[in-house]
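Note that the numbering used here has the sequence shown beginning at 102, numbered continuously upward. From the three backbone atoms N, C-alpha and C, an ideal C-beta is built for every residue, glycine too. Below is one structure, written out as structure tokens, with a few remarks after it.
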Amino acid sequence: MKLGAQELIEMHEVLNESVSMIEHYAMYLNVCQDPELRRILDRQQRHMIDSYNAKVNMSQNQGMDITGIPRPAMGTGTAGISMEGRPEYGTRAAVRTDALVLNDRAIASGAMIFHRCGAVKSTNAALVCTDPQLRNFLSTAAKSCIEMAFELSQYMSYKGWRPAGMAQPHLMAQAQQTYQTQTGH
102 MKLGAQELIE MHEVLNESVS MIEHYAMYLN VCQDPELRRI LDRQQRHMID SYNAKVNMSQ
162 NQGMDITGIP RPAMGTGTAG ISMEGRPEYG TRAAVRTDAL VLNDRAIASG AMIFHRCGAV
222 KSTNAALVCT DPQLRNFLST AAKSCIEMAF ELSQYMSYKG WRPAGMAQPH LMAQAQQTYQ
282 TQTGH
């Protein structure tokens with residue numbers, strides 16, 4: 102595959118970020134305590150390794166079929182945990198400046214942030230790609246990151262670690278009245 106200079110730089114960044122994510126997940130899996138979080142991390146790490154290998158193959162032009170791009174298999178929770186609930190509203194975040202070991206909350210948060218950043222990085226890389234296959238591949242990688250971040254967000258919401266801030270009613274009304282549908286030219 103012939104890549105432009107910008108595409109080459111972006112692919113290098115995407116691959117470098119993938120390596121870092123996989124390595125962090127290995128560390129997270131070594132210290133994670135919650136079995137549900139461990140299952141999520143293990144499944145996501147397997148997906149990330151498959152995705153990384155596909156990215157390497159794609160960048161080395163080894164005839165990758167883009168229809169086989171790995172997609173994360175999202176869990177619905179186990180042990181009776183359904184992650185399809187409504188978010189808890191309010192905020193209460195405490196920073197642990199003396200932490201020597203990561204707790205499950207920090208692990209889940211770090212993993213979620215990695216995926217959010219991965220989605221942005223893959224999207225930005227796709228935006229500069231002139232090769233349609235590579236652009237489609239990176240767009241799919243961004244979508245995978247979005248889904249994995251959402252899964253972790255749902256897990257954290259279930260645990261009460263990621264409450265959603267509630268908008269004031271007057272702000273909601275103002276936002277709803279700001280935009281109106283348009284017709285014609």
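The alpha helix (DSSP H) spanning residue i covers which residue range?
i: Leu-104; result: Neither: Leu-104 is in no alpha helix (DSSP H) and is coded neither H nor E.
i: Leu-272; result: 270-279
i: Cys-133; result: It is not in any alpha helix (DSSP H) - Cys-133 carries neither H nor E in the DSSP assignment.
Does DSSP put residue i in a helix, a strand or coil?
i: Thr-241; result: helix
i: Cys-218; result: helix
i: Gly-285; result: coil
i: Gln-234; result: helix
i: Asn-204; result: coil
i: Gln-161; result: coil
i: Gly-120; result: First, the residue type needs correcting, since residue 120 is Val and not Gly in the sequence shown. Here Val-120 sits in helix by DSSP.
i: Met-112; result: helix
i: Gly-181; result: Per-residue confidence for Gly-181 stands at a pLDDT of 41, beneath the threshold of 50, marking its modelled position as unreliable; the derived number appears in the next sentence. Coil at Gly-181, not helix or strand.
> Is the number of C-beta pairs between the segment 238-245 and the segment 207-227 that are closer than 8 Å three or more?
Replying inline: yes
> Does the segment 202-217 come close enough to the segment 113-126 that 3 or more CB-CB pairs lie under 8 Å?
Replying inline: yes
> Does the segment 227-234 touch the segment 136-146, meaning 3 or more C-beta pairs lie closer than 8 Å?
Replying inline: no
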